[in-house]
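Protein chains in written order, with this note's numbering: chain B, 33 to 272; chain R, 116 to 296.
Glycine included, C-beta positions come from ideal geometry on N, C-alpha and C.
Predicted model, so just to flag it, every value in this text is computed and none were measured.
Everything on this sheet refers to the single structure shown next.
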Amino acid sequence: MSELPSLEAALLEAAHRRYGRSMWRSAVPRAARRVRVGAVIAAAVAVVVIVVAVPLLRGTGDSDERPVARPGDGWTTSVDEAHGFEVSVPPGWRLSAESLTPKLTDPRELLSAATFPLRYRDSSCNHVPSGALETMGREDGFVTVLERGRDPGSSWTEFPPRPRSFADGATPERGDVAGCLGGKPSVVEYWIPFTDADRHFYAMVVVGPEAPAKVRTNAFEILDRMRFDAAVQPDWRASE
Amino acid sequence: MDRLDDEELLSLTPRRPEAFAAFYRRYERMLLGFFMRRTGEPELAADLTAETFAAALMNVRRFDPGRAPALAWLFGIAQNKLRHAREKGRVEDRARRGLGMPVLVLEDEALERIERLGGDERVVAWLERLPTDQAEAVRARIIDEQPYSLIAARVQCSESVVRQRVSRGLGRLRSIVKEDS
C-alpha cells in the first residue's frame, strides 16, 4: 500500500500511455536499421554457407521437406552436438543460456527460446519454467522443448510422429503455466508431444494474451525448423 | 512482480507498464523520507518524489544495469531534482508535464504521513554518527521498515550481514544517545 496512491495511479496511467503497445516499433533510426539489416543478411548468408558445407544431422526422415535456413531471412542457427539437435531462431528471439527447469529430471529441458530475456528463478513449480516466465510481457512469446528418457518397454503411443507443421491443428489448452504463474495475465499455452528420430519430446509454446500473430507464427516455426539426431539417444531412464 | 529485482522491473516496464508501479511502491517511502529530511516540507517532498519517479519512468529505456544498480540510478535522479530545486527555488515539473500527469494534490492526512517519514531531527543527527553501512541498514530497516531481503538485495550482501549491521548500529546508537543525555 503506498503513501500516495494518487501518485501511483498517475504514474501507472502515464506508463501505459507512454509504453502501451510500443514494443514492436523499432527503436533503431532508419539509417542504422539499413546497416543492421545488411549485417544480418551477410551473417545469414555465412550461416547458410556453413550449413551446406557441414553434413546435415542424420535420421530425420527420408523426405525432408521442412524449412531450412533461408539466406537473408535473418534466422540464427545453433547446433548442439552433445544433445543431438539443431535449432534456429528468428530476429527478436533469443535462446536461454541456462536451463529454466534445472530440478526437472524427466523429461529434461533441451532448449528454451523467447522474445524476452530468460533467466532461471526458483518457483513453486519445478516442472514448468514459471520463474523465468514471470518477466514475460503481454506481447511476448516463449518456446521450450523437453525430451523423455529411455523406456524400452514403452510403446510411446502418447507421442505421435512429429507433425509436418506444428501450427496446424495446435490447440491452446489450460495447462500448468497459468496456474504456476498464480493466475496472472492470462497466457495462451500449447503442449505438443511428438516423436522424431526415435526420440520422444514435448514442445510447449506460450504466447502472451496480446501477442501479435507473428509471435505465434515464429514460435511454431522454431519448432518446424528443429532437427534431431537419431544417433544421440537419451542417457537417462524415463520416470514412471 | 514483488519477486523481481529492481533491474528486472525497470527493464520489464516498456513491455509490462505495471512493473514500474511495483518499483514505485518499493521505493516511494524511502524517497519521501529522503526529501522530507532534506527539505523539512512535506509538500515539497511529495513534489520532488513525483518528479523523480516521473523522470525515471520517462527515461527507463536508458537505464543501464551495467553502470549502476537501479536504486543508485533513482537516487541520482533524486539528487539532481533536489539540487535544481535549491538552485531555482522551485521544483521543476518537466517530466510530469511530458508524461501528461496531473498536478499532485495532497490532503492533510497525506502531508502528516510524509512529515512523519522524515523522522525526528535528533534521530537523523544520531544516525549520521554511525558508520555509513550501519546507518544505512538501521535507516532502511527501522525507519523505512524495509524487509531484510530487500535491503540485502540492494546493498548486495547477505541478510545475515544486514542483520548484523542493524544490530551493531542500534547498539552504537544506544551508546550515542546515552552520551548525549
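Excluding the 5 residues flanking residue 134 of chain B on each side, which residues of the same chain have their C-beta closer than 7 angstroms to its C-beta?
152
Starting from residue 48 of chain B, find everything on chain R with Cβ-Cβ shorter than 7 angstroms and list it in chain order.
132
Our contact map puts residue 171 of chain B next to residue 118 of chain B with C-beta atoms below 8 angstroms; I'd like the distance itself, whole angstroms only.
Incorrect: roughly 28 angstroms between the Cβ atoms, too far for contact.
Spatial neighbours of residue 136 of chain B within its chain, please: CB distance less than 7 angstroms, with the 5 preceding and 5 following residues excluded, ordered by chain position.
158 and 159
Please list the partners that residue 51 of chain B has in chain R, where partner means a Cβ-to-Cβ separation under 7 angstroms.
128, 129 and 132
Which same chain residues, not among the five before or five after residue 89 of chain R, have their C-beta less than 6 angstroms away from its C-beta?
With chain R running from 116 to 296 in the structure shown, residue 89 of chain R is simply not present.
Check whether the Cβ atoms of residue 240 of chain B and residue 181 of chain B lie closer than 8 angstroms to each other.
no
Taking the straight line between their C-alpha atoms, what separation do you get for residue 254 of chain R and residue 116 of chain R?
25 angstroms
Three-state secondary structure assigned by DSSP to residue 164 of chain R:
helix
Hey, is residue 229 of chain R's beta-carbon within less than 8 angstroms of any beta-carbon in chain B?
yes
Compare the C-beta of residue 148 of chain B against all C-beta atoms of chain R and say whether one is closer than 8 angstroms.
yes
Rounded straight-line distance, which links the Cα of residue 233 of chain R to that of residue 151 of chain R:
5 angstroms
Where the beta strand (DSSP E) containing residue 166 of chain B begins and where it ends
Here residue 166 of chain B belongs to no beta strand (DSSP E), and DSSP marks it neither H nor E.
Mind listing the chain R neighbours of residue 172 of chain B? Cutoff is C-beta to C-beta under 8 angstroms, in chain order.
130
Per DSSP, which residues does residue 112 of chain B bridge with? Please list them.
B:117
Determine, using beta carbons only, whether residue 265 of chain R comes closer than 8 angstroms to chain B.
no
Could you tell me which chain B residues have their CB closer than 7 angstroms to the CB of residue 215 of chain R, listed as they occur along the chain?
46 and 49
Local conformation of residue 279 of chain R per DSSP, three classes:
helix
So, residue 147 of chain B versus residue 173 of chain B, is the Cβ gap smaller than 8 angstroms?
yes
Residue 126 of chain R (DSSP reduced to helix, strand or coil):
helix
Within 8 angstroms of any Cβ in chain B, is that where the Cβ of residue 142 of chain R sits?
no
Simplified DSSP assignment, three categories, for residue 190 of chain R:
helix
Taking all protein chains shown into account, do 16 or more other C-beta atoms lie within 10 angstroms of the C-beta of residue 189 of chain B, making it buried, or fewer, making it exposed?
exposed
So the beta strand (DSSP E) residue 178 of chain B belongs to, where does it begin and stop?
173-179
For the region 255-275 of chain R against the region 156-165 of chain R, are there 3 or more C-beta pairs whose distance is under 8 angstroms?
no
What do you reckon, are the CB atoms on residue 168 of chain R and residue 125 of chain R nearer than 8 angstroms?
no
DSSP three-state call for residue 236 of chain B: helix, strand or coil?
strand
Does the region 222-229 of chain R come into contact with the region 197-210 of chain R, if we say contact requires no fewer than three beta-carbon pairs (one atom in each stretch) closer than 8 angstroms?
no
Name the chain B residues whose beta carbon is nearer than 9 angstroms to that of residue 123 of chain R?
149, 151, 166 and 167
Against chain B, which members of the region 147-167 of chain R pass a CB distance test of less than 7 angstroms?
147, 161 and 165
Helix, strand or coil for residue 45 of chain B? Go by DSSP, reduced to three states.
helix
Below-8 angstroms beta-carbon distance, residue 213 of chain B vs any chain R residue:
no
Can you check whether the C-beta of residue 209 of chain R is within less than 8 angstroms of a C-beta belonging to chain B?
no
Between the alpha carbons of residue 119 of chain R and residue 187 of chain B, how many angstroms are there, rounded?
43 angstroms
Nearest to residue 280 of chain R by CA position, among R:195, R:249, R:239 and R:292, is which residue?
R:249
Given a cut-off of 8 angstroms, decide if residue 166 of chain B and residue 233 of chain B are closer than it, judged by their beta-carbon atoms.
no
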